[in-house]
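Per our numbering: the sequence shown = residues 9 to 387.
Even for Gly, the Cβ is constructed at its ideal location relative to N, Cα and C.
In what follows, a structure is listed as structure tokens, so that the remarks can point back to it.
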Amino acid sequence: MLVGIRELAPEITARTAEIEAARRIPPDLVERLRSIGIFRMFVPRSEGGLELDFPAGLEVIKALARLDGSIGWIAVVAGASSLFVAASPAELYKRIYQDGPDTAICGSSQPGGTAERVSGGYRVKGRWPFASGCTHADWIGGFCIVTENGKPIPGPQGKPLLRVVALPARDWDVEDTWHAAGLKGTGSHHVTLRETLVPEANFFDLEAAPRQSGPLYQALRQWLPLLHGAFSVGLAEGMVDDLLALAHTGRQQLYAAVPMRESETFQYELGRISADLGAAQGFHEVQVAGHWRHAQSGTLNNEDLVIEGARSATWLATTCVGIADACFALAGSSAVYDTSPLQRRLRDIHVAAQHAHAQQRQYVDVGKLALRRSAEDAA
Numbered sequence: 009m010l011v012g013i014r015e016l017a018p019e020i021t022a023r024t025a026e027i028e029a030a031r032r033i034p035p036d037l038v039e040r041l042r043s044i045g046i047f048r049m050f051v052p053r054s055e056g057g058l059e060l061d062f063p064a065g066l067e068v069i070k071a072l073a074r075l076d077g078s079i080g081w082i083a084v085v086a087g088a089s090s091l092f093v094a095a096s097p098a099e100l101y102k103r104i105y106q107d108g109p110d111t112a113i114c115g116s117s118q119p120g121g122t123a124e125r126v127s128g129g130y131r132v133k134g135r136w137p138f139a140s141g142c143t144h145a146d147w148i149g150g151f152c153i154v155t156e157n158g159k160p161i162p163g164p165q166g167k168p169l170l171r172v173v174a175l176p177a178r179d180w181d182v183e184d185t186w187h188a189a190g191l192k193g194t195g196s197h198h199v200t201l202r203e204t205l206v207p208e209a210n211f212f213d214l215e216a217a218p219r220q221s222g223p224l225y226q227a228l229r230q231w232l233p234l235l236h237g238a239f240s241v242g243l244a245e246g247m248v249d250d251l252l253a254l255a256h257t258g259r260q261q262l263y264a265a266v267p268m269r270e271s272e273t274f275q276y277e278l279g280r281i282s283a284d285l286g287a288a289q290g291f292h293e294v295q296v297a298g299h300w301r302h303a304q305s306g307t308l309n310n311e312d313l314v315i316e317g318a319r320s321a322t323w324l325a326t327t328c329v330g331i332a333d334a335c336f337a338l339a340g341s342s343a344v345y346d347t348s349p350l351q352r353r354l355r356d357i358h359v360a361a362q363h364a365h366a367q368q369r370q371y372v373d374v375g376k377l378a379l380r381r382s383a384e385d386a387a
């Protein structure tokens, strides 16, 4: 897969402006990515998928994010979505993958719809945001609040019961709403269902016991922050690549005594950026390795690991935004033009850092975990 990505890299780099202008990944590029295997990398071998070890799949995501933020984000969605639907019943799972393991799946994890219980299924309606990749998806899913007689049914911890509805993409309406500051090519539009009767067979519960065997499929929430972290690191690596490429052109900024690459100020700042990037890469690798060990030993489904993953995703997003900001500032006025990849990556990483997995509020639970572990150690 990595060889295929390297071969595709020049074309992706040449078409970044086209991707942004279209606000989606062009269909022919989607097919190239499909042939490389991004939609099947976490699909079980029993369905013809690659069932990559999780760390290996994250290397694929990082490689694509390093080339282009929107394509990297679509790779995250491809990986996460196939892990989501692994929780679906066997009949629905077979239908989703009936045409092979390269099925493109997307969805929204926000509870944007309601599912009213009726005889034989549910009456569903709603509007879901941030459905990245919906313009090329084969199947789309959305979280629904389950209701009865118009009132939410209580679920775990007294919160409303949530279930996921999954339907072929042709059954959904896509609203053209993705006019955003960054990640423009992800096609993250709203998707809607208007009072649709959906059979019970098209619903599943994420909290159900694992339906697929193997370490990838025993839990889901523990993986999601690590996917976001891989994206952040890959995009930061690409930002540094672009800054170095600019320096190697021999560019000399206005009023500067020497070219950028000969400036000690530039060299100092580049050294600091390099250290931050190395720290981000190392932290992510350690966190991924730890989670994967738990997955292999059957102990991944642990709430503390969700918090540890959130800690890494939040810190990585903040650190990688700092790397991007520093690279953009060092590049000077040339980075402000639409033709500069630095300004595009800057926008992409700031938008990605707005995601729920990267919000600073995650540190509250991280602090609580640290206090609890300290008290347990002292007992």
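(1) When you compare the segment 170-185 with the segment 196-204, are there three or more beta-carbon pairs, one atom per stretch, that lie closer than 8 Å?
(2) When you compare only the Cα positions, how much space is there between Glu124 and Ala177?
(3) Can Asp356 and Gly190 be called in contact, C-beta distance under 8 Å?
(4) How far does the beta strand (DSSP E) with Gln118 in it reach, from first residue to last?
(5) Let me check understanding here. Comparing Cα to Cα, which of Pro109, Gly317 and Gly163 lies closest to Pro233?
(6) Give me the Cβ distance between Phe291 and Ser320, rounded to the nearest whole Å; I'm assuming they're in contact under 8 Å.
(7) With H, G and I counted as helix, E and B as strand and the rest as coil, what does DSSP make of Ile148?
(8) So, for Gln476: in the same chain, excluding its five sequence neighbours on each side, which residues have a beta-carbon less than 8 Å away from its beta-carbon?
(9) In chain order, what residues of the same chain lie with their CB nearer than 7 Å to the CB of Arg31, ignoring the 5 residues before and after it?
(10) Taking its Cβ as the centre, do 16 or more other Cβ atoms sit within 10 Å of Asp107, making it buried, or is it exposed?
(11) Determine whether the beta carbon atoms of Ala98 and Ala216 lie at a separation below 8 Å.
(12) Among Met9, Leu75 and Gly57, which residue has its Cα nearest to the Cα of Pro349?
(13) Going by CA-CA distance only, name the one from Arg202, Gly340, Met49 and Gly279 that's closest to Arg259.
(14) Is DSSP giving Thr185 helix, strand or coil here?
(15) Select from His358, Glu270 and Leu243 the residue whose C-alpha is nearest the C-alpha of His256.
(16) Evaluate Gln165 with the Cβ neighbour count: other Cβ atoms within 10 Å of its Cβ, from every protein chain shown; 16 or more gives buried, anything less gives exposed.
(17) Taking the alpha helix (DSSP H) that Leu251 belongs to, which residues open and close that run?
(18) Quick check on the DSSP output: what are the complete alpha helix (DSSP H) runs of length 4 or more inside the segment 62-112, in order along the chain?
(19) Name the DSSP beta bridge partners of Tyr130, please?
(20) When DSSP labels each residue in this structure, what does His198 get in the three-state scheme?
(21) With Pro349 as the anchor, note down where its beta strand (DSSP E) starts and where it stops.
(22) Terminal residues of the continuous alpha helix (DSSP H) containing Ala174?
(23) To the nearest whole angstrom, what separates the beta carbons of Leu324 and Ile69, a pair I think is in contact under 8 Å?
(24) What did DSSP end up calling Val154 once you bin it into helix, strand or coil?
Considering the structure as presented:
(1) Yes, the segment 170-185 is in contact with the segment 196-204.
(2) Translated into the one-based positions of the sequence shown, residue 124 becomes position 116. Translated into the one-based positions of the sequence shown, residue 177 becomes position 169. Each residue's CA atom was taken as its position, placing Glu124 and Ala177 some 21 Å apart.
(3) Within the sequence shown, residue 356 is the residue found at index 348, counting from 1. Within the sequence shown, residue 190 is the residue found at index 182, counting from 1. For Asp356 and Gly190, yes; Cβs fall inside 8 Å.
(4) As a working note, residue 118 is residue 110 in the sequence shown. Counting along the chain, the unbroken beta strand (DSSP E) around Gln118 starts and ends at Ile113 to Val126.
(5) Here the question's residue 233 lines up with position 225 in the sequence shown. Nearest option by C-alpha distance: Gly317.
(6) The residue given as residue 291 occupies position 283 in the sequence shown. The residue given as residue 320 occupies position 312 in the sequence shown. Indeed, because the Cβ distance is near 6 Å, the residues count as touching under 8 Å.
(7) Indexing the sequence shown from 1 puts residue 148 at position 140. The answer is strand: DSSP assigns Ile148 an E or B state.
(8) Nothing in the structure corresponds to residue 476, since the chain is present only between 9 and 387.
(9) Translated into positions along the sequence shown, residue 31 becomes position 23. Here Arg31 has Trp186, Lys192, Gly193 and Gly195 as same chain residues with Cβ atoms under 7 Å from its own Cβ, once five neighbours each way along the sequence are excluded.
(10) Walking along the sequence shown from the start, residue 107 turns up at place 99. If you draw a 10 Å sphere on the C-beta of Asp107, you find fewer than 16 other C-beta atoms in it, and that means exposed.
(11) The count along the sequence shown starts at 1 and reaches residue 98 at position 90. The count along the sequence shown starts at 1 and reaches residue 216 at position 208. Remark: C-beta atoms of Ala98 and Ala216 do not approach each other more closely than 8 Å.
(12) Sequence index remark: in the sequence shown, residue 349 carries index 341 (1-based). Comparing Cα positions, the closest option is Leu75.
(13) Numbered from its first residue, the sequence shown carries residue 259 at position 251. Taking only the C-alpha atoms, the option nearest Arg259 is Gly340.
(14) Numbered from 1 along the sequence shown, position 177 holds the residue referred to as residue 185. If DSSP states are grouped into helix, strand and coil, Thr185 belongs with coil.
(15) Within the sequence shown, numbered from 1, the residue matching residue 256 stands at position 248. Looking at His358, Glu270 and Leu243, the one whose alpha-carbon comes closest to that of His256 is Glu270.
(16) Here residue 165 refers to the residue found at position 157 when the sequence shown is read from its first residue. Exposed, by the Cβ-count rule.
(17) For the purposes of this step, residue 251 is identified with residue 243 of the sequence shown, where counting begins at 1. First-last of the alpha helix (DSSP H) with Leu251: Leu232 to Ala255.
(18) Counting only runs of 4 or more, we get 62-75, 77-92 and 98-104.
(19) In the sequence shown, the residue the question calls residue 130 occupies position 122. Looking at the DSSP output, Tyr130 bridges to Arg125 and Val206.
(20) To locate residue 198, count along the sequence shown from 1; it is residue 190. His198 falls in the strand class under three-state DSSP.
(21) Position 341 of the sequence shown, counted from the start, is the residue given in the question as residue 349. Not the beta strand (DSSP E): Pro349 falls in the alpha helix (DSSP H), residues Pro349 to Ala360.
(22) Position 166 of the sequence shown holds residue 174. Per DSSP, Ala174 belongs to no alpha helix (DSSP H); it is in the beta strand (DSSP E), Leu170 to Pro176.
(23) Residue 324 sits at position 316 when you count from the first residue of the sequence shown. Residue 69 sits at position 61 when you count from the first residue of the sequence shown. So it is not a contact: roughly 13 Å between Cβ atoms.
(24) Within the sequence shown, numbered from 1, the residue matching residue 154 stands at position 146. Here Val154 sits in strand by DSSP.
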